[in-house]
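Residue numbers (UniProt numbering): 1 to 1147. The C-beta atom is built at its ideal place from N, Cα and C for all residues, glycine as well.
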């Protein structure tokens, strides 16, 4: 069509072509844009509707070369075309407004391609005229207001002029108000974006809340198949991320992640929006990591940003930003794990970003040099390799050289260069380095104009560097200058700024530093004053408030310890109490504050001691909440496993045994108690409010399943898999919140005020069996106490144990462990006649001595206090009193049930606990109360005994006696009872078959290998022919008619020393699964006697009258069987090792 040889005077054919067929025009312009443009200008004089013609030309020119150098030229020429068109429309207001509006939209579109500030200024200029010239009654006003607001927001992101964002909000709000139809999701989304930008400047929580509200409304109004839904979901997720940064709310960030994941699923591969959403999702995971410390979140952040980088084609101007984000994530993971591979990858990402920008001559090369240097600086801080910090300084110096003197980011680079020199100084002690640091930081301050947002940052860092020089030279002028710099930084920080409290804190630290040097009390007073100001300017609902209060408490505590001023100690106590009782903030930090509160109160304010522990006990349940997997809950409880014992010791000391009991119940076996809560019968609630009962049951079942899921590693998972896993996490959090809401509703119902709350002492006592005694023994470093409970008693029997101590209990536990390891009963072996046992020659009396110590220092004092010391040797076991033992600390791993003084030979008289009582163990008193409250009601089809024998488990040692054991049990029970018996052995003993039969039969007997997983107790398992039958699978079956479990396997009640208060063993797990009684073992058992003991147990258990048996006689039957075995073997050390490990748990 057009070519360089075409005459521009061939007007008629050219006019006809250009005015009728812009498709051909586009083809022509792609060949020779400059020639065509001059033809257009010449022909425009010959066209009647010149304004429209020029407008159309301006709109079509960019289509031919959107991403080429001609695009810049085209934008300039299009501007000329639009201005020419507008100039021809004088006198026709409607036409002028239309042309101006379309010109404004053109420049708005061109900005998205060029990113040039002058282009968006053109758009704002034209759109502002349009808005002023549009009548309020014009239906086009809403769109025009919205587009003007959108343009102002873009400029605000460039210049951060608050006037732009406030004007934008005003225009978009008016756009919404003049809309006569349904709310515009486009306007709502833009308004949400505006409030999000405003929040990022002011830190006002209400603004980000408004942003989320508008974004949520926009998403709600957007159809599922709308093309803008992914971007609006992305904007909503971004706003929720900002809210999380301010409040630390994990639910919000999880919801934000879910929205971003949905946006990704709705975005087609290859779309530019997909790379953007992946990048945002990665950043969201990184910020959640900052809150939770979950390495999986950081792995997800890295994986998503890696995919974002992959989706960004070479030459994409945003790729370097995503590479930088990825590098920053690797730096964070390096700081978390110390893995040098991570920092190496971070440096590689930043190097690629630098290489990419160097190829295209990117004007912001200094930015990426800056990021690369910061990564190198991080590696230096880990390795101390001076080459890294030298290279970092080199890159920063290059960045400074490349940046023009007027470059807006030059002060940032100078600041980072100064900080790098400070790091180098801290490694080398070279005064020249700290001098360089101060020089660059001073320059950063000097070239930064007053009022610049960065000036307080540079001053803050200059103050910290000057403090470093003071610590070398001890020149008082330096610490004075450091204080002056940071004081000025504080003065320049706007009230309410997000960094205000940080800078006040730094100022307080510097005053404390000067106090250390001079001893001037006015300085420590200033330190306290600034910390108090930091707290005052922090909103009450801010997630960092608890941390600030705790820090202030630390300061007062230190000053009080140094000066001996009791008022300071009391103020420290007050601040710790405020930190512990904050409504926001990490439960772990508030718990630490509560423990510090308790520690100081113990010495200085005993009236507050119990209050402190009350708060601490309440916080434990938040530390391991329902929103977490069981595996994660146990990890979180590791550092506070002795809290309940400490609290109980304080309560005992102050004469409050009832409170001690309540705290031991509330703070111990937390996870098992949570599982029990999820399975609590809802008959009473259903009778009162069936709808709430059904909802709670639905949520409880879902939480039960969610808690049992395994914490998956995301390292090798695909994007779809990661999204699916995150959906599980988000759903889990929502379920926990939904449960909290349901419980609040239920507790408003009369009679349900304490529904599923920790049981009071009176409730516990009222729910105990009619006969027997529950004895709790609290072992703590301060004191040891026992407390006995009986049904209906007014108050517990408190029995101090002054002769016993925590150290004694720990030494006994270690001695027992060493003895068992020496005897080979802590591990399984392939011994022909033993289930993992071997016996030493010689007669070491370690176990005998342990049992004697337990008798003299623990059990005998308790029996005397309870009036049990009436010998009953000649009485049958059924007439002996029952004692349920609930021990804490190291004592939980010792065989209290076998305590006594044993002779070396059968003829020697022995005095043992078995002479006076039948012993059982319970993880908590509630375990017993729940079983009394819900008597067994067996359906005919579910009564019976299911036997499992796995003597030849693949890849494990043989258990020769397992088959003989189940055959002996089957024969004995068949002879004495008509109850149904079913047995699976060897290859038939599979996981599926076992689960089905456990649901069918009320009693189960396992004779097999077992494993205890202390890291994740629900993965503790029985080894069957085709794999492991774990507790998680058993619990999920919800065995409503479970009665008795006999675990003839190794170490099924051994527990974990690190979680002594959580009863992390198979026996407790089977109680949690619903079994009313469990027979288990404390260490490995010997096959030679296992079959006989089991046979004797079941013979005693079977009731000849009713021809059936149940768990209520299990303890008596085990007592009978073990004492029969003892009588036949005698009381030698080797004999004790055989029968002592058998224990009974439950009713």
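Buried versus exposed call for residue i [16 or more other C-beta atoms within 10 Å across all chains shown]
i: residue 1044; result: buried
i: residue 1082; result: buried
i: residue 757; result: exposed
i: residue 214; result: buried
i: residue 1122; result: buried
i: residue 832; result: Note that residue 832 scores 40 on pLDDT, short of 50, meaning its location in the model is unreliable and no value can be drawn from it.
i: residue 256; result: buried
i: residue 954; result: exposed
i: residue 793; result: exposed
i: residue 750; result: exposed
i: residue 922; result: buried
heavy atom of the ligand SAH below 8 Å from residue i C-beta
i: residue 930; result: What this structure holds is no ligand at all, so the ligand SAH is not there to describe.
Contacts around residue i, its chain only, beta-carbon distance under 8 Å, and the 5 residues preceding and following it disregarded
i: residue 234; result: 259, 260, 263, 273, 276, 277, 280
i: residue 1111; result: 936, 1003, 1043, 1044, 1075, 1076, 1077, 1146, 1147
i: residue 537; result: 495, 496, 500, 501, 504
i: residue 619; result: 580, 587, 590, 591, 594
i: residue 389; result: 376, 377, 380, 420, 423, 424, 427
Neighbourhood of residue i by C-beta, 6 Å cutoff - its chain only, sequence neighbours within 5 removed
i: residue 779; result: 806, 809, 888, 889, 891
i: residue 67; result: Any reading at residue 67 needs caution, since the residue's pLDDT is 42, under 50, leaving its predicted position unreliable; the model's value is listed next. Nothing listed; no residue qualifies.
Identity of the residue in the options nearest residue i by Cα
i: residue 212; options: 198, 225, 223; result: 198
i: residue 101; options: 426, 151, 116, 137; result: 151
i: residue 1129; options: 902, 216, 137, 685; result: 902
i: residue 486; options: 475, 474, 499; result: 499
i: residue 148; options: 107, 159, 158; result: 107
i: residue 818; options: 111, 798, 850; result: 850
i: residue 1034; options: 310, 916, 1073, 441; result: 1073
i: residue 330; options: 355, 353, 301; result: 301
i: residue 525; options: 555, 880, 564; result: 555
i: residue 800; options: 323, 488, 652; result: 652
i: residue 411; options: 399, 447, 434, 398; result: 447
i: residue 208; options: 195, 1010, 462, 201; result: 195
i: residue 185; options: 142, 752, 322, 964; result: 142
i: residue 265; options: 227, 979, 789, 885; result: 227
Helix, strand or coil at residue i according to DSSP, with G and I counted as helix
i: residue 222; result: coil
i: residue 1024; result: strand
i: residue 1140; result: coil
i: residue 1045; result: strand
i: residue 755; result: coil
i: residue 934; result: coil
i: residue 884; result: strand
i: residue 921; result: strand
i: residue 641; result: coil
i: residue 959; result: coil
i: residue 984; result: strand
i: residue 1039; result: coil
i: residue 774; result: strand
i: residue 619; result: helix
i: residue 892; result: helix
i: residue 178; result: coil
i: residue 768; result: coil
i: residue 376; result: helix
i: residue 135; result: coil
Beta-bridge pairing of residue i - partner residues as DSSP gives them
i: residue 800; result: 785
i: residue 215; result: In DSSP, residue 215 forms no bridge with anything.
i: residue 1145; result: 921, 1078
i: residue 1005; result: 947, 1046
i: residue 911; result: 901
Nonlocal neighbours in the same chain, by C-beta distance under 7 Å from residue i, ignoring five residues either side
i: residue 972; result: 1095, 1098, 1099
i: residue 796; result: 657, 658, 661, 787, 788, 789
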